[in-house]
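Protein chains: 2
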Amino acid sequence: MARTGPKRDLPVGEVRRYLEPGPIVLISSRLHDKTNIMTLGWHTIMAFSPSLVGLMISSGNHSFDLIRTSRECVINLPTTALTDEAIAVGNTSGIEIDKFAEFGLTAEEGEEVGAPMIGECHANFECRLYDDALVNRYNFFIFEVVKAHVAESPKHPKTLHYTGDGVFMVSGRVISRRSQFRPDMLG
Amino acid sequence: MARTGPKRDLPVGEVRRYLEPGPIVLISSRLHDKTNIMTLGWHTIMAFSPSLVGLMISSGNHSFDLIRTSRECVINLPTTALTDEAIAVGNTSGIEIDKFAEFGLTAEEGEEVGAPMIGECHANFECRLYDDALVNRYNFFIFEVVKAHVAESPKHPKTLHYTGDGVFMVSGRVISRRSQFRPDMLG
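Which chain is which? The protein sequence lines are W and P, in order.
In terms of my numbering, the first sequence opens at residue 1 and continues consecutively.
In terms of my numbering, the second sequence opens at residue 1001 and continues consecutively.
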């Protein structure tokens, strides 16, 4: 699997375009010299400005400690070209293996956070922990996206949406209904 | 638009099958003799048992007060057959109109909560407010699904996934990768 083509900066308030449809994402993290990756489907957009995203990161994951301590992560968007890697990441533990090396993924340096970006992913959203109020009770982290990078093509990448039980929905056709929206509801 | 065929009870711990892929949903509510519906794309599964779902309900919505006061709602899953209705619901205010009447939607009685279920939707998840800790700060409501109803067919309904700017992604093909999962990661 190759890295994507060139990426452009995306205004952080526009990450909803990629996350709101509900794809699985790969969360990468770093603490000192240790990195890890986890697969995650439980997330929601929470605000545009600041650009907030809520992530459920189970405390059973090795990534939980790396992220809670470093207070940073990168949300990486895999396409169907990375289906095998996304499943393998989700079915292994970073305690036992180096997932970047094991699955042939490229750790790229971010601009704003120490957590690595995954070069093969269509988009990389650098995040800083914004509010940990619900971490202890629910493992729910509220992150601010502080820098966003997206591949220039394709415009509508094929993403994976998990339904449980080993079954995924793959994103389908894209339809515009702009003409049915009030102008103040667009953007 | 007709009501769905017969619905069956779904174990509440299995609503992730419908919500985790990230579709837009219609949130129905009731306070005294007043009902309302809103369209919502900002949600996440938070736990299986109890069955918890987090919803971002902007305080600018008429539904916000109905839901905060009644502490109940129904999460209804529209398919592409309800595209026009879902958009219309999202672009109008319940202060001015009765959305059930205006858009030809059928209010059905739930079993556990007072909020009405939308008969034309593929699935209806009756919810009670479980934790309002982040309502004031973020408009983030944590609900428990207390009863779940789903249409018996189709098995994989075509759902709508919002990307912003009047553009939707429609759910595509379904692929099973069960054989690549560890047994304890399934279910």
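Glycine residues also receive a C-beta, built at the ideal position from the N, C-alpha and C atoms.
Chain-ordered neighbours of Tyr162(W) on chain P, where CB pairs are closer than 9 Å: The sequence position of residue 162(W) within the first sequence is 162, counting from 1. Simply Arg1016, Glu1020 and Pro1021.
Those residues which DSSP pairs with Thr1079(P) across a bridge: Along the second sequence, one-based indexing puts residue 1079(P) at 79. Paired residue(s): none; Thr1079(P) is not in a bridge.
Length of the line joining the Cα atoms of Ser49(W) and Val12(W): Residue mapping note: residue 49(W) aligns to position 49 of the first sequence, counting from 1. Residue mapping note: residue 12(W) aligns to position 12 of the first sequence, counting from 1. So the two alpha carbons sit approximately 8 Å from each other.
Which residues DSSP lists as bridging Phe141(W), in chain order: Working through the first sequence from its first residue, we reach residue 141(W) at position 141. Partner(s): Leu55(W).
Contact set for Thr1080(P): own chain, Cβ-Cβ below 7 Å, skip 5 residues either direction: As a working note, residue 1080(P) is residue 80 in the second sequence. Lys1158, Leu1160 and Val1170.
Residues in the segment 126-159 of chain W having any Cβ partner in chain P nearer than 9 Å: For the segment 126-159 of chain W, which is checked against every Cβ of chain P, the residues closer than 9 Å are Asp131, Ala133, Leu134, Arg137, Tyr138, Asn139, Phe140, Ile142, His156, Lys158 and Thr159.
Contained alpha helix (DSSP H) runs [length at least 4] in the segment 1061-1119 of chain P, N- to C-terminal order: Those alpha helix (DSSP H) runs which fall completely within the segment 1061-1119 of chain P and span 4+ residues are 1062-1070, 1083-1090 and 1099-1102.
Distance between Leu31(W) and Thr69(W) (C-alpha atoms, nearest Å): In the first sequence, the residue the question calls residue 69(W) occupies position 69. In the first sequence, the residue the question calls residue 31(W) occupies position 31. Those two C-alpha atoms are separated by around 7 Å.
Neighbour flag for Leu1186(P) against chain W, beta carbons, 8 Å: The sequence position of residue 1186(P) within the second sequence is 186, counting from 1. Closer than 8 Å to some Cβ of chain W, the Cβ of Leu1186(P) qualifies, so yes.
Near-chain P residues of the segment 84-106 of chain W (beta-carbon distance less than 8 Å), N- to C-terminal order: If the cut-off is 8 Å between Cβ atoms, the segment 84-106 of chain W has Asp84, Ile87, Ala88, Gly90 and Asn91 near chain P.
Arg1182(P) in three-state terms, based on DSSP: Translated into the one-based positions of the second sequence, residue 1182(P) becomes position 182. Correct three-state label for Arg1182(P): coil.
Rounded Cβ spacing between Cys127(W) and Val145(W) (contact assumed at less than 8 Å): Taking the first sequence and counting its residues from 1, one reaches residue 127(W) at position 127. Taking the first sequence and counting its residues from 1, one reaches residue 145(W) at position 145. Contact flag correct, Cβ pair sits at about 6 Å.
Beta-carbon proximity list for Leu19(W), same chain, < 7 Å, skipping 5 on both sides: As a first step, residue 19(W) must be located in the first sequence, where it is residue number 19. Cβ within range, chain order: His43, Ile45 and Val53.
Ser29(W) vs Ala115(W) beta-carbon contact at 8 Å: The residue given as residue 29(W) occupies position 29 in the first sequence. The residue given as residue 115(W) occupies position 115 in the first sequence. It is a contact, given that the beta carbons lie within the stated cut-off.
Whole-angstrom C-beta distance between Ile37(W) and Ile27(W), which should lie under 8 Å: Within the first sequence, residue 27(W) is the residue found at index 27, counting from 1. Within the first sequence, residue 37(W) is the residue found at index 37, counting from 1. Right, their Cβ atoms sit about 7 Å apart.
Chain W contact for His1043(P) (CB, 8 Å cutoff): For this step, residue 1043(P) is matched to residue 43 along the second sequence. Closer than 8 Å to some Cβ of chain W, the Cβ of His1043(P) qualifies, so yes.
Local conformation of Arg1177(P) per DSSP, three classes: Here residue 1177(P) is taken as the residue at index 177 of the second sequence, counted from 1. Coil, per DSSP.
DSSP state of Glu1014(P) mapped onto helix, strand, coil: Residue mapping note: residue 1014(P) aligns to position 14 of the second sequence, counting from 1. Per DSSP, reduced to three states, the secondary structure at Glu1014(P) is helical.
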